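Okay, so the sequence shown: first residue is 13 according to the working numbering, each after it adds one.
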Amino acid sequence: MANVSYLRIPIKGTAASRSQRRLIPPAGRFRRGRYIAGGLLALAIAAVAVGALVFSSAKASLTADPSALARVGLPLGGGTIERVSVVTGPHSRSVPVELRGEQIWPTQLIPAGEQLSIEVVVKRPGWISWLAGEDDRLRLSLTAPTASLIQHYLTLAPRAPLQLQFKQPIDVISYGPQGRLGRHLLGQPRSSVTLPRNGDAGSEYVAAAPRAWESSTASIISWFPTGAATSAVATPAPGTRIQPDTQITLTFSKTLAAALGSNRPPVSPITQGTWHTVNDHTITFKPQGYGYGLGATVNVALPSGVRLVGGHQSGAASGGSWIVPGGSPVRLQQMLAELGYLPVRFDGAAVENTPAAQEAAAIHPPAGSFPWRWGSVPAALRSFWAPGASGILTRGALMAFENDHGLQADGVAGPVVWRALMAAVIAGHRSTFGYSFVSVSEGSQSLNLWHNGRTVLDTPVNTGIASAPTALGTFPVYEHIASGTMSGTNPDGSHYNDAGIPWISYFNGGDALHGFTRAQYGSPQSLGCVEMPIGTAGQVFPYTPVGTLVHVT
């Protein structure tokens, strides 16, 4: 039998109906709950947005600056720049900088194109540090900007300005001779700069940079007169004084191939060195070793059809000349003393044994003193010594050096002699002979030979007769021969030609120390020479090589 149940409909007002009403909330109460939940969600989103805004505003910034090296942007509400560090190079060399407000400025020149790394620490204000942290570390890598010329070779009409154009605006420019550039701040960046123009053609070294705190490498610019002829400009200019190792640069209005072909200009005197191609218009001669030589006149010859501005013209060809000053007389004496050719020694700072160091010292000698090598020195010899003066004592020593090294013994320090002196110093080739001084007295008709601090010999001699006297003075021996023929004119006009005269040391024209047989010695008998017995002359001869001073009183 089936079970059947019936739905009971509650009767209004009963307890069951009231309970059911409590379980089913009214529609209005549902709507109020949704509004409250939405408001809370909106507040949460707004709080996150505000927090994100505050966090982002609390962050500092570090960027490149159009005038300074970099700029620090402080966070919202301020902050303090605690530390700035700038380094460069593979070894992180520190670059000194200073803060000017929020700008970072170098306090020394930085080469254009330098790679730089910047680190800044900014301390946030306390009210935000709880959220974003106390410190903000900023890093920036940048390259110091560079500037480049649009054109290095200009053809200018007469009186036209020497105007340089740059690919980038520049704030500083330096120009002038190599090694002596004058630096000029422009005040505001420019892409065009007018330089002083000296002459219809010329060359100038120019260095430019976009920032006032930068330095840059100089490059050469050249200007030429209008016309079809090939012109060249030289740096340094022809006629100027240069050093033995000065590089000579030639820049041509046409390409090197058009101006010179495959040849290069000859340089005289013949100098160790080579021409180097700088670019298709420019070559540079770089001397090596001892260079042109101290006291040299350097000549560079150009082919027919090429005009060197400021040079000399010979027909269709031209060239230029430069003067190398001689070395210091003080350095000449220092080297002669070091090599043992003077009766003094040099006590002073040692010079490095390289050609470059020796040439530098020849122009700017080291300080030092010249003490006598021996305690006993003739008074006359002492009187001839004058540091820094090219006197007879120095000339005699130089002649002795020249004679020992196969050079013309003229006592003149030309380029070849300076080169030989420096080479001898570097090699340590000292003279082992020592130093001699010969005194001849016409009053006592005697000769005194002094060598290395002691008298070797005193002997009577014969000097010149009244009509052919021996000249007074001090003279270096200039020719030294064991035997020779002496000829000349007697006071009566007759001629003499005496062969086989032994032990001859010429010191003044035809006057010489030599051996000659006489019945006696100690009175004027010669025609100007200083005659000695042959045996005695043989003793004197080894002590009187070229350069020995003969002092006649």
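No residue lacks a Cβ here, since even glycine has one placed at the ideal position from N, Cα and C. Just so you know, these numbers come straight off a predicted model, no measurement behind them.
Return the bridge partner residues of residue i from the DSSP annotation.
i, result
"residue 332", "312"
"residue 12", "Lying outside 13 to 565, the shown extent of the chain, residue 12 is not represented and no answer is given."
"residue 265", "The partner list for residue 265 (beta bridge, DSSP) is empty, contrary to what the question assumes."
"residue 649", "Residue 649 cannot be examined here, being either before or after the span of the chain that is shown, 13 to 565."
"residue 148", "134"
"residue 237", "168"
"residue 178", "161"
"residue 85", "73"
"residue 530", "Answer by DSSP bridge pairing: none, since residue 530 is not bridged."
"residue 467", "462"
"residue 254", "Looking at the DSSP assignment, residue 254 forms no beta bridge with any residue, so it has no partner."
"residue 100", "105 and 128"
"residue 155", "127"
"residue 543", "474 and 526"
"residue 364", "For residue 364, which the question treats as bridged, DSSP gives no partner whatsoever."
"residue 184", "197 and 221"
"residue 226", "122"
Residue range of the alpha helix (DSSP H) that residue i falls in?
i, result
"residue 505", "Premise fails: residue 505 is in no alpha helix (DSSP H) and is neither H nor E."
"residue 370", "367 to 375"
"residue 341", "341 to 350"
"residue 549", "546 to 552"
Quick test of your reading: residue i and residue j, contact by CB under 8 angstroms. State the CB separation rounded to the nearest angstrom.
i, j, result
"residue 314", "residue 277", "6 angstroms"
"residue 262", "residue 244", "5 angstroms"
"residue 242", "residue 336", "Wrong, their Cβ atoms sit about 28 angstroms apart, outside the cutoff."
"residue 197", "residue 224", "6 angstroms"
"residue 116", "residue 84", "7 angstroms"
"residue 321", "residue 279", "18 angstroms between Cβ atoms; not a contact."
"residue 251", "residue 283", "At roughly 18 angstroms, the Cβ-Cβ gap does not stay under 8 angstroms, so residue 251 and residue 283 are not in contact."
"residue 527", "residue 549", "3 angstroms"
"residue 500", "residue 522", "6 angstroms"
"residue 375", "residue 339", "6 angstroms"
"residue 87", "residue 124", "The pair is not a contact, with the Cβ atoms about 33 angstroms apart (cut-off 8 angstroms)."
"residue 148", "residue 72", "5 angstroms"
"residue 461", "residue 363", "At roughly 35 angstroms, the Cβ-Cβ gap does not stay under 8 angstroms, so residue 461 and residue 363 are not in contact."
"residue 180", "residue 222", "6 angstroms"
"residue 341", "residue 400", "5 angstroms"
"residue 451", "residue 392", "7 angstroms"
"residue 378", "residue 361", "4 angstroms"
"residue 81", "residue 109", "7 angstroms"
"residue 482", "residue 540", "5 angstroms"
"residue 466", "residue 395", "Contact flag wrong, Cβ pair sits at about 19 angstroms."
"residue 154", "residue 76", "5 angstroms"
I'd like the span of the beta strand (DSSP E) that includes residue i, first residue to last.
i, result
"residue 319", "318 to 320"
"residue 89", "Run containing residue 89: none; DSSP gives neither H nor E here."
"residue 562", "561 to 564"
"residue 276", "Unbroken run through residue 276: none, as it is neither H nor E."
"residue 242", "242 to 247"
"residue 324", "324 to 326"
"residue 118", "115 to 118"
"residue 306", "Per DSSP, residue 306 belongs to no beta strand (DSSP E) and is neither H nor E."
"residue 110", "109 to 112"
Step through the CB atoms of chain C and report whether any lies within less than 8 angstroms of the CB of residue i.
i, result
"residue 396", "The structure shown contains no chain C, having only a single protein chain."
Check whether the Cβ of residue i sits closer than 7 angstroms to any heavy atom of the ligand ADP, and report yes or no.
i, result
"residue 321", "With respect to the ligand ADP, the structure shown offers nothing to examine, as it has no ligands at all."
**Message:** Tell me whether the stretch 201 to 212 and the stretch 253 to 270 touch, counting them as touching only if at least three CB pairs, one residue from each stretch, are closer than 8 angstroms.
**Reply:** Pairwise C-beta distances place the stretch 201 to 212 out of contact with the stretch 253 to 270, as fewer than three of them are shorter than 8 angstroms.
**Asked** In chain order, which alpha helix (DSSP H) runs of at least 4 residues are fully inside the stretch 189 to 223?
**Response** Those alpha helix (DSSP H) runs which fall completely within the stretch 189 to 223 and span 4+ residues do not exist here.
**Request:** Go through the stretch 388 to 459 residue by residue and report every complete run of the alpha helix (DSSP H) that reaches 4 residues or more, in order.
**Result:** As far as the stretch 388 to 459 is concerned, its whole alpha helix (DSSP H) runs of at least 4 residues are 391 to 396, 404 to 416 and 427 to 439.
**Prompt:** Do the stretch 221 to 238 and the stretch 155 to 175 make contact, defined as three or more Cβ pairs closer than 8 angstroms?
**Reply:** The stretch 221 to 238 vs the stretch 155 to 175: in contact.
**Prompt:** Taking three-plus beta-carbon pairs below 8 angstroms as touching, is the stretch 212 to 226 in contact with the stretch 177 to 187?
**Reply:** Yes, they touch.
**Prompt:** Is it a yes or a no for the stretch 377 to 384 touching the stretch 352 to 361, going by three-plus beta-carbon pairs under 8 angstroms?
**Reply:** Touching, yes, given that three or more Cβ pairs across the two stretches are closer than 8 angstroms.
**Message:** I'd like to know if the stretch 336 to 347 and the stretch 370 to 382 are in contact, where contact means that at least 3 CB-CB pairs between them fall below 8 angstroms.
**Reply:** The stretch 336 to 347 vs the stretch 370 to 382: in contact.
**Request:** Could I get the ranges of all uninterrupted alpha helix (DSSP H) runs contained in the stretch 472 to 527, with 4 residues as the minimum, in chain order?
**Result:** If only complete runs of 4 or more residues are kept, the stretch 472 to 527 shows no alpha helix (DSSP H) anywhere.
**Message:** Within 8 angstroms, do at least three Cβ pairs link the stretch 535 to 546 to the stretch 453 to 466?
**Reply:** Three or more beta-carbon pairs separated by less than 8 angstroms link the stretch 453 to 466 to the stretch 535 to 546, which places the two stretches in contact.
**Message:** Under 8 angstroms, with one C-beta from each stretch per pair, do the stretch 471 to 484 and the stretch 435 to 449 reach the 3-pair mark?
**Reply:** As far as the Cβ criterion goes, the stretch 471 to 484 does not touch the stretch 435 to 449, which means the pair count is below three.
**Touching by the beta-carbon criterion (3+ pairs, under 8 angstroms), the stretch 95 to 114 and the stretch 165 to 176** = Counting C-beta pairs closer than 8 angstroms gives fewer than three between the stretch 95 to 114 and the stretch 165 to 176, which falls short of the contact rule.
**Message:** Under 8 angstroms, with one C-beta from each stretch per pair, do the stretch 486 to 493 and the stretch 538 to 558 reach the 3-pair mark?
**Reply:** Judged by Cβ distances under 8 angstroms, the stretch 486 to 493 makes contact with the stretch 538 to 558, as three or more pairs qualify.
**Asked** Contact between the stretch 420 to 434 and the stretch 394 to 411: three or more CB pairs below 8 angstroms?
**Response** Short answer: they touch.
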